[in-house]
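Novice:
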Amino acid sequence: MTPPRRFFVETWGCQMNELDSQRMAGQLMQQGILPTHDAGEADIILLNSCSVREKAEQKVYSRLGEYRLLKKHRQDLLIGLCGCVAQQEGERALDRVPDLDFVLGPARVGELQQVVARRRAGERVVATGFPVERRYDLDAVSRHGEYKGMVTVIEGCNKNCTFCIVPQTRGPEQSRPMAEILREVRHLLDYGFREIELLGQTVNHWREPGGGMDFADLLDRVARLSGVERLRFVTSYPRDFTPRMVEQVGLHANICPYLHLPVQSGSDAVLRRMGRGYTRDEYVALAAGLRRARPDLALSTDLIVGFPGETEEDFARTLELVREVGFSAVYAFKYSPRPGTAALRLGDNVDDQVASERLQRLFSLQDGIQRRINESLVGQEFEVIVTGWGKQPGAQTGRTPCHRVVHFDTGREAVALGSLTRVKVEKAFPHSLVGRRLEVAAVTN
Ligand code: SAM
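Taking our numbering, I'd label the letters of the sequence shown as residues 567 to 1011.
Below is the structure:
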């Protein structure tokens, strides 16, 4: 008997890429091709790439260089470049990497089976661009081992942030109809998922195609579905948050008290040059409004440091904002020039060493803030969704509703992944909590 065929997927970047990888895995599994964690035994290797920063792009190319060596002993091994670098590079990637078999952009993920078949028939395929009709088979998504079910509600991005390559790599905005979204959420609930995460580059810009409903209506409808115990959505764009959406966050207990709301900078001058379309004060007011609606809300953000023209004063405004808002997490990176973006024409670049030093100052400020916020949670009890195993026997990890990582002792019995249990926090670190499971009150599957 011939051994089953295997595939290996490596994923970089955002949740949308994670979901795209699950969709690619699902399509291959439908054809009887099984997953493997060892690229060395794979018949198909997929690199699902991110091109938001230059480093991520370089990494995927260096990985392609490593994987193509495997072809020396495996003539029939297929290697595919997928994701945002695939869209960005297209044909160029085939020229640059002679052993690359196909290039598959994010909007063409649903065509993987056909692309592989074409390659097996001899064609080196480039499947990029943004077709209006996209293949999406709900049953061909491998959600194995996942505790949250991700559902894309809006694809692409129409914002013109001057630093960002996403509108080029993921194309123009396209909202999915409400009925389709609800059908997918119900499908996930039928499979036993308790946590639903709605995805979009600007998720709160969702609109019913051809209709009047907006993201507030979508939140309301999804939150009301029975079986949705936790509802999250990512990534929200500050300017698109309306009072009705804020109201929904306060109204539904199953909407998690956690929101990722990228601010990018605390300086109005920098925000203007980034083309973000809001001011620092507007952002702070929105954060305050959200907290009034939901006092236990944890807010996280993205920040770019060293954007062209960022002065020491601008950066001081960012530090001030970070102090003022009190984020539960900050994802900060040095500005990385991206091809085809408007920021390339701004000039006035910040010296790399200056940017690195600012980034370090930001991290050390945020570490202290996170430590203090997390310490204030010691003694509190949380309902935790169990997401993994700890390093020691008897230790597991999970997430609080406010999305904090908790390590806990399981007590007498381990808890099934994806189920809910109660944990009392005993210790706090900047990036995690440590606690004890309250067995009596445990909720099991
Ligand atoms: N659509 C979201 C928004 O703009 O609010 C996030 C999109 S992007 C995938 C995630 C994060 O990457 C951004 O919030 C930004 O902080 C960061 N990012 C994007 N382009 C960047 C660049 N050229 N250099 C450094 N960081 C960048």
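Glycine residues also receive a C-beta, built at the ideal position from the N, C-alpha and C atoms. None of the values given here were measured: they were computed from a predicted structure.
Quick one: what does DSSP say Ala895 is sitting in, helix, strand or coil?
Specialist: Here Ala895 sits in strand by DSSP.
Novice: Counting contacts by CB-CB distance shorter than 8 Å, is Ser902 in contact with chain B?
Specialist: Protein chain content of the structure displayed is limited to a single chain, and chain B is not contained in it.
Novice: Taking only heavy atoms of ligand 1 into account, decide whether any of them is closer than 7 Å to the Cβ of Glu734.
Specialist: The question names Glu, but residue 734 is Gln in the sequence shown. For ligand 1, not one heavy atom lies less than 7 Å from the Cβ of Gln734.
Novice: What whole-angstrom Cβ distance do His969 and Cys822 have, given they're in contact under 8 Å?
Specialist: So it is a contact: roughly 7 Å between Cβ atoms.
Novice: State the CB to CB distance for the pair Gln654 and Thr602, rounded to an integer number of angstroms; the pair is presumed to be in contact (CB under 8 Å).
Specialist: Between Thr602 and Gln654 the Cβ distance is about 28 Å, and since that is not below 8 Å, they are no contact.
Novice: Could you spell out the range, first to last residue, of the beta strand (DSSP E) harbouring Arg978?
Specialist: Element bounds for Arg978: n/a, residue is neither H nor E.
Novice: I'd like to know whether the C-beta atoms of Ile720 and Glu689 end up nearer to each other than 8 Å.
Specialist: no
Novice: When the Cα atoms are used, what is the spatial distance from Pro569 to Gly649?
Specialist: 29 Å
Novice: How many angstroms separate the CA atom of Arg842 from the CA atom of Asn726?
Specialist: 8 Å
Novice: Please classify Arg773: does DSSP put it in a helix, a strand, or coil?
Specialist: strand
Novice: Can you list, in chain order, the residues of its chain with a C-beta nearer than 7 Å to that of Glu992? Leave out the 5 residues immediately preceding and following it.
Specialist: Cβ neighbours of Glu992 beyond the five flanking positions: Val944, Val1000, Gly1001 and Arg1002.
Novice: Which full runs of the alpha helix (DSSP H) of 4+ residues lie inside the stretch 644 to 709, going along the chain?
Specialist: 650 to 655, 657 to 662 and 678 to 686
Novice: In the DSSP assignment, find the alpha helix (DSSP H) that holds Ser922 and state where it starts and stops.
Specialist: Asp918 to Glu941
Novice: Does the distance from the C-beta atom of Thr614 to that of Val663 stay below 8 Å?
Specialist: According to the sequence as given, residue 614 is Asn; it is not Thr. For Asn614 and Val663, no; Cβs fall outside 8 Å.
Novice: Do you know offhand how far His997's Cα is from Arg640's?
Specialist: 43 Å
Novice: Using beta-carbon positions only, say whether Ile610 and Leu594 come within less than 8 Å of one another.
Specialist: yes
Novice: Can you tell me whether Gln767 sits near ligand 1, meaning its C-beta is under 7 Å from at least one heavy atom of the ligand?
Specialist: At least one heavy atom of ligand 1 is nearer than 7 Å to the Cβ of Gln767, so yes.
Novice: Ligand 1 heavy atoms versus the CB of Ile870: any closer than 7 Å?
Specialist: Indeed, a heavy atom of ligand 1 lies less than 7 Å from the Cβ.
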